[in-house]
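Numbering (the numbering used here), first residue to last: 1086 to 1192.
Yeah, the Cβ is synthetic: ideal placement off N, Cα and C, and Gly gets one too.
Below is one structure, written out as structure tokens; the observations come after it.
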Amino acid sequence: MSAKKVIKKQAKKVKPTLTPTTYMDHDLKNYYIQVEIPGVKKEDAELEVSDQSFCVRGERGDVELLGCYILTHAVYAEKVKAKFKNGLLSIEIPIKKILKGKKITIE
């Protein structure tokens, strides 16, 4: 097979990657996150959480949805709760310790 045919064949396998719409909020105990991955089946959705970040991945048709995010506060990755319904992934991540910054007066 010629190099041109190999490159063409590989190019057809590459899916465009889109960043899913993500909503994040938190209180003193948890992060509350919602990630929109419409058209993705539950079995095609993935969630990975570390001490201060998370990644969501899903595939639908010829598109891959991928988003990785850094969290300001350290979290308990082993205590994450996640639910998936109608293309919406809802995630609750317990916070280990809230970081407190110093208030700055704005002139």
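Nearest-angstrom Cα separation, counted from residue j out to residue i
i	j	result
valine 1160	cysteine 1153	15 Å
glutamine 1137	aspartate 1147	31 Å
leucine 1132	glycine 1186	29 Å
leucine 1174	tyrosine 1116	14 Å
leucine 1151	lysine 1181	26 Å
glutamate 1149	proline 1101	6 Å
leucine 1113	aspartate 1129	32 Å
aspartate 1110	valine 1165	15 Å
is_contact[residue i, chain D] using C-beta, thresh 9 Å
i	result
methionine 1109	The question asks about chain D, but that chain is absent: this structure has only one protein chain.
Residue i burial status per 10 Å Cβ neighbour count (16 or more: buried)
i	result
leucine 1184	exposed
glycine 1124	exposed
valine 1099	exposed
isoleucine 1178	buried
Residues bridged to residue i [DSSP beta-bridge criterion]
i	result
alanine 1167	Ile1176
alanine 1159	Lys1182
threonine 1104	For threonine 1104, which the question treats as bridged, DSSP gives no partner whatsoever.
Range of the contiguous beta strand (DSSP E) that encloses residue i
i	result
tyrosine 1154	1148-1155
serine 1138	1138-1145
histidine 1111	1107-1111
tyrosine 1116	1115-1121
alanine 1130	1130-1134
Distance CB(residue i)-CB(residue j) smaller than 9 Å
i	j	result
valine 1120	isoleucine 1176	yes
threonine 1106	isoleucine 1118	no
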